[in-house]
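> Residue numbers (numbering that gives the first Met the number 0): 0 to 206.
Glycine included, each C-beta is placed from N, C-alpha and C at the ideal position.
Okay, here's the structure, questions in a sec.
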Amino acid sequence: MRLLVFAMLIPLGIGCTITKTDVVKTGLFENDLEKISKAYEEIEKKPKGSVATKDLESAGWNFKSANVRRLSGRTAFRRIFGEGVFQGALAEVTKTGEEDKSKVDALLRDMNQYHAIFIPYKDVNTYVDRFYFSTKETAQNGDDLLILFMFKNDMLVYCDYEYVKIDSKQSEGAFAQGLLELFEKFAGVADTVKDLAEKIRDMNKKE
Numbered sequence: 000m001r002l003l004v005f006a007m008l009i010p011l012g013i014g015c016t017i018t019k020t021d022v023v024k025t026g027l028f029e030n031d032l033e034k035i036s037k038a039y040e041e042i043e044k045k046p047k048g049s050v051a052t053k054d055l056e057s058a059g060w061n062f063k064s065a066n067v068r069r070l071s072g073r074t075a076f077r078r079i080f081g082e083g084v085f086q087g088a089l090a091e092v093t094k095t096g097e098e099d100k101s102k103v104d105a106l107l108r109d110m111n112q113y114h115a116i117f118i119p120y121k122d123v124n125t126y127v128d129r130f131y132f133s134t135k136e137t138a139q140n141g142d143d144l145l146i147l148f149m150f151k152n153d154m155l156v157y158c159d160y161e162y163v164k165i166d167s168k169q170s171e172g173a174f175a176q177g178l179l180e181l182f183e184k185f186a187g188v189a190d191t192v193k194d195l196a197e198k199i200r201d202m203n204k205k206e
């Protein structure tokens with residue numbers, strides 16, 4: 000019985016490390032985050048309504064690149080503001096008190112003048128260290144960026160830059176607590192496995 004229990008304890012006590020990389024890139028500006036940021040700053044300096052799609056493309060913004068999304072009309076508004084907010088606002092704006100579709104048609108027609116370009120950049124590493132009798136520790140670090148260009152009739156009217164520098168750690172408590180309790184329940188009074196289980200429990204509390 001003791002040999003079996005110790006055979007179970009050895010692999011469980013070692014733990015393991017898992018590494019995951021989440022990458023979303025477009026190829027724009029050599030996938031260099033600093034170059035992308037500087038290129039955006041140059042566009043942001045220009046007066047709104049003075050920059051056309053072709054001007055951005057001439058400056059190196061290839062909107063046909065991988066992972067670049069173009070959404071038009073109401074689909075663009077829905078993506079930016081969220082489904083719930085968009086539908087609620089749409090209902091309020093088009094509330095006429097009678098079945099008159101002209102206001103709805105006019106709104107949809109006006110929205111169709113707009114289109115949005117979403118440009119992502121993501122390079123995030125996730126490290127999971129699992130120690131079976133103590134904790135599971137998860138660490139993340141990397142860069143997460145989303146650039147938005149909003150056009151009306153092919154002229155840039157709005158742009159936004161949302162960047163998050165990710166550096167986080169999370170720790171979760173012992174998920175093998177039930178196994179410790181099992182050892183304490185079935186081990187004999189003089190069984191050294193019971194002593195080991197108690198020591199592990201005490202060490203977890205100190206952690």
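#1: First and last residue of the alpha helix (DSSP H) that includes T52?
#2: Would G72 and N111 qualify as a contact pair, given that the criterion is a beta-carbon distance under 8 Å?
#3: What residue from Y120, Q139 and L89 has the CA that sits closest to V127's CA?
#4: Thinking C-alpha only, which one of D153, A51, K168 and F148 is nearest E161?
#5: What does a CB cutoff of less than 6 Å around K47 pick up in its chain, not counting 5 residues either side in sequence?
#6: Within 10 Å of its beta-carbon, does T20 have 16 or more other beta-carbons around it, so buried, or fewer, so exposed?
#7: Got a sec? Which residues, its chain only, sit under 6 Å from G141 by beta carbon, not counting five neighbours each side?
#8: Determine the closest residue to D45 out of T16, M154 and S167, with distance taken between C-alpha atoms.
Quick answer:
#1: T52 to S57
#2: Remark: C-beta atoms of G72 and N111 approach each other more closely than 8 Å.
#3: Q139
#4: F148
#5: V156
#6: exposed
#7: D122, V123, N124 and I165
#8: In the sequence under discussion, the amino acid at residue 45 is Lys, which differs from the Asp named in the question. Among T16, M154 and S167, the Cα nearest to that of K45 belongs to M154.
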